[in-house]
Structures are given as structure tokens and as C-alpha cells.
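The sequence shown begins at -18 in our numbering and counts up one residue at a time. To start, the structure under review is shown below, and the notes come after it.
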Amino acid sequence: MVAARFPFSANYRRHTPTATELLMRISAALGTIRGARVLPAAADQLRASAKAGTVHFSNLIEGNLLPYVEAERAARRVLNPDSRAKIELINYVAALDLVDQRMAAGALHLTPDLLREVHRALTRGLGRDEDPHFKPYHEGEWRDGAALVVDRLTGQVMHEGPPPGEVPARVEAMLRWIGDRLDRGTEPPFVLAGVAHYGVTDIHPFADGRAARIMQTALLVKADVLPGRMFSFERYYAEDRGAYYDALRSVRRNTLNMESWLEYFLTGLADEYERIATTVSDLSQLVGASGPDPLRLSATQERALTRLRIEGRREFSRRDYENASGLGRSAAGGEIAELARHGILIPRGAGTAARYAFSSPPGDRAPGGRPRRGRKPTWTDAAIEAELRSFLDGRSSWPTRDEFSAAGKLGLYSAASRRGTIGRWRAHFGL
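Quick look at the structure:
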């Protein structure tokens, strides 16, 4: 057996306190998501937003600097493939579609062939005869040369993959180890996704890390723990690439112990699951029956409110609503007035400077749309803003995840990540 030449084993304790807590957070959020009643328009927008985010952030990690709007166009299949960077986005959509198509056909198997097909989809049309490192025949094929990951600033080699002759056997052994445990249910799929992510990155069978992140998604899809495909985990890695690469390197630094990597990885999953749980709960409660004359949302109101919520808006202007709904000034004003009459929005100010806030913060509404009584959530938007303002006082740049952790503020980091995203909070504070 070829794989027996290089047996695979993942070194980590199964039930560390941190991992157990993170898995409990994921499980609780997943239950909330599965139990939420989300309007079809909201579910569609969540899927579209997640797909665009996945495409944008995964490619950003690899140095593709095209703006988010181009990833949205790629996800909608309207992006013109007139540059290498745009082809990368289009190909990433194709790779995600490949996973979904295999799942729909009952043929999603975590095998070396799937990994190669994912890579072929990711790199179609990118090989060049004049490129000494990536020629057309490399698309969908194992590398035939050395795999060196080099720090672009220092020139230091951060990682070297195994010799190319070992790649097929190592990939087969790894995927067999993961698949066996997934099929038997002896390990949580979230942990196995982290093992797969690291394993593909460590072997480095291809030219970059995009395939590792797609295989992570494929495993979670196969395990049926991505309801609605509303998740974009890649943002977590892209927002602090230093922390991402450091977590990957920690495995070799810790004598191949994966615990530090898996805790980092599971934190990202937990943050994203909780972000989506907060969003879908809020969207399902936003227009719950309230009073004698509950509002039935129009299609444009559904679209606008969903988009604004997904973007993490706490309040917005009429122009923001126009952009989210696609309506003109007068029609948008009429819809906003109707939403305000039914208590869904609260006007602040008047005239052109008026802004509109949702009637209660995410997670602070009881079923039926009434304000929730009792203890409020620890991490409201106002609480996050106040804590961040205090923590950032005197800083000229946004702190890294490690700095949050060293200051005992990792809970704040996670809350900011899942309620509006780190990127939006950074922009809010001008850092």
C-alpha cells in the first residue's frame, strides 16, 4: 500500500479545556442557526455574502488585492476574466461550486482525486509556459519541485514541504486518516477540518494554500455542519495573516503538536458560527409579530434590512437604505417611514442628517419582536465599542490577536469579530 510508506498521525489531546469550550460554543451556535426561521431573501443574501467573502479573503491571503466588489461579481458570475487576478477569483467560485455539486450528487469523497480536481478548478488558465514555477501542466497535478514558503519581507524560508516524490503517498495517508475518523464519528468534524487544513498546508502539494481552505470547507460540507452555506471562515485568517501563519508554524515549533493550531482554528470557527447565529436570530426576530398590526415586509424591505444587518450596521442613513434596497430617494423614504411606524427602526435626527437605528441590538429581542427582559447580553455593540475605545486609547495601529490575548481581551476580540467583523471595527476607529 503506497500510503503505508508515510503513515499519518495527528498529535493533539482530544479534550483540552480550551478546545472543549470552543466546541461547545460552536455546537450552541449551530443549534441556534438550525432552529432559526430566516426569510428566503435573507438566506439568499447570507449565502451570497458568504460566498463573496470566502472568495475575497482566501485570495487576499495569497496576495490578490482586488477589492471585495470584484469577488461579489465573481460570485454572481459577471466578472470579466481579463486579468490573472480576476481569473483567480472566478476559479475560486468554480472550486466552491465543485464541492457543492459533488455533495448534491452524493459523490463528495475526501480523496486525493478530489484535492487534485479542486486544484485544477482553482488554477485553470493560470499556468504559463514562461513561468519557471507554474506551467500549464501543473494545473491539477502534484508539484514536481521543491515547496518553499518564503517571507516576502525578510527572504527567510518559513516552511519547506516534503520532496515531490512523497507528496501522493502523504496526501493519501492523511486523507485516509481523516476520512476514517469522520466516517466513524470518533472525532468532531470541526477538529478534523483543522487537521485537514494544516495537513494540506504542511505537505504543500501545490503552489499555494487555497486548496487547503477549500478542503476544509469540503469536509464541513460533507459532515453537514454548514447549514445554508452562510459561512465565510477565511476572513478570520485574512484579518490577521501574521497570526494565521504563526498558528500554522506552531505545529512544527511544538514538535508536531497541533494543539495550539487547533485552538486558533477552532476559535475562528466559533467566532464565525456565533456571528451567523447572531445574524440569523436577529433577522428572524426583526419582523416578528408585534402589536395588533404586524408588518409584512416587502421584497425590497427584506433585501435592504438583510443586507444592512449582514454588514453589521447599527444605524444607517437614507442613502445607505437606497443602496441596500436599490430604490430611489422617494421610495426608500416611504419604506423607512413605514418601518419606523411599526417600531422596527428608530429615527435619530431629522432632514438630510437623519439616521435610523434598529429598534434593539442584535440578540436583545425576544420571540415576537418584543424587547427581551432580564439580563442583557454581555457583548452589545455599545459594550464592544466602549471596551475597544478604552483598549485602543493611545494606540496608533490596530493590535494583533496576540496583543488582545496578552491583555486578557481575547473575549473582546472574538465579540468584535462576530459582531460587525474586525475590519469594520478597525475602520470605525480609523485604524
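In this text, a Cβ means the ideal position worked out from N, Cα and C, and glycines have one as well. As the structure is a computational prediction, the values presented were derived from the model and not from experiment.
Pro170 sits close to Val206, with the two beta carbons spaced by under 9 Å. Ranked by Cα distance from Arg194, the options Pro(-12), Leu20, Ser39 are led by Ser39. Between Thr287 and Leu308 a beta carbon distance of about 15 Å is seen, past the 8 Å cut, so the two are scored as non-contacting.
For Leu326, no alpha helix (DSSP H) run applies; the uninterrupted beta strand (DSSP E) run containing it begins and ends at 326 to 329, by DSSP.
The beta carbons of Ala204 and Leu163 sit closer together than 9 Å. Rounded to whole angstroms, Lys32 and Arg58 show a C-alpha spacing of 12 Å.
The three-state reading of DSSP puts Leu129 in strand, counting E and B together. Closest in alpha carbon position to Thr248, among Thr260, Gln137, Phe214, is Phe214. One alpha carbon belongs to Leu107, the other to Leu70, and they sit about 12 Å apart.
Collapsing the DSSP output to three states places Ala338 in a strand.
Cα atoms of Gly392 and Trp123: separation of roughly 41 Å, rounded to the nearest angstrom. Remark: C-beta atoms of Phe212 and Glu255 do not approach each other more closely than 9 Å. In this model, Gly332 and Glu384 are separated by some 43 Å (Cα to Cα).
Within the DSSP secondary-structure output, Val59 pairs in no beta bridge. Around the beta carbon of Met239, a 10 Å sphere encloses 16 or more other beta carbons of the protein chains shown; the residue is thus reported as buried.
The region 46 to 65 makes no contact with the region 310 to 328: fewer than 3 CB pairs, one atom from each, lie closer than 8 Å. For Phe297, the secondary structure class from DSSP, reduced to helix, strand or coil, is strand. DSSP places Val36 inside the alpha helix (DSSP H), whose first and last residues are 21 to 42.
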